[in-house]
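**Student:**
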Amino acid sequence: MSISTVQVLLTEESQWAVETDDPRITRLTYQSRREAIAAGVHMAMEQDAVLMIHGAADDPCGLDFRGCNAPLAN
10 MSISTVQVLL TEESQWAVET DDPRITRLTY QSRREAIAAG VHMAMEQDAV
60 LMIHGAADDP CGLDFRGCNA PLAN
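Following this note's numbering, the numbering of the sequence shown begins with 10 at its first residue and continues without gaps.
1) Verify whether the separation of the beta carbon atoms of residue 53 and residue 15 is less than 7 Å.
2) What would DSSP say about residue 22, mapped onto helix, strand or coil?
3) Using only the alpha-carbon positions, how far apart do residue 39 and residue 23 sit?
4) Beta-carbon separation of residue 25 and residue 45 under 7 Å?
5) Evaluate residue 29 with the Cβ neighbour count: other Cβ atoms within 10 Å of its Cβ, from every protein chain shown; 16 or more gives buried, anything less gives exposed.
6) Looking at residue 37: is its Cβ nearer than 7 Å to the Cβ of residue 49?
This is the structure in structure tokens:
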């Protein structure tokens, strides 16, 4: 199964998480929203997926990385 959506969201424990629509991939948590967004961007670009960034009030904002050919920074 390929990943089509990567989401960055605030957890109930007040940490930021990155999760995908692939149930085999475990949710990753980060101390800051910035770290979670960076990880989410990297994962979405690697998987040619849509990135959904949820705010603290659960208002999502989408970035579509499907077809993006930009090189990933190391």
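A virtual CB, placed ideally from N, CA and C, is assigned to each residue, including glycine.
**Tutor:** Considering the structure as presented:
1) Within the sequence shown, numbered from 1, the residue matching residue 53 stands at position 44. Within the sequence shown, numbered from 1, the residue matching residue 15 stands at position 6. Going by C-beta atoms, residue 53 is nearer than 7 Å to residue 15.
2) As a working mapping, residue 22 is identified with position 13 in the sequence shown. Residue state, collapsed to three classes: coil.
3) As a position in the sequence shown, residue 39 is number 30, starting the count at 1. As a position in the sequence shown, residue 23 is number 14, starting the count at 1. Cα to Cα, the separation comes out at about 10 Å.
4) One-based indexing of the sequence shown puts residue 25 at position 16. One-based indexing of the sequence shown puts residue 45 at position 36. It is a contact, given that the beta carbons lie within the stated cut-off.
5) Indexing the sequence shown from 1 puts residue 29 at position 20. Residue 29 is buried by the Cβ-count criterion.
6) Taking the first residue of the sequence shown as 1, we reach residue 37 at position 28. Taking the first residue of the sequence shown as 1, we reach residue 49 at position 40. No.
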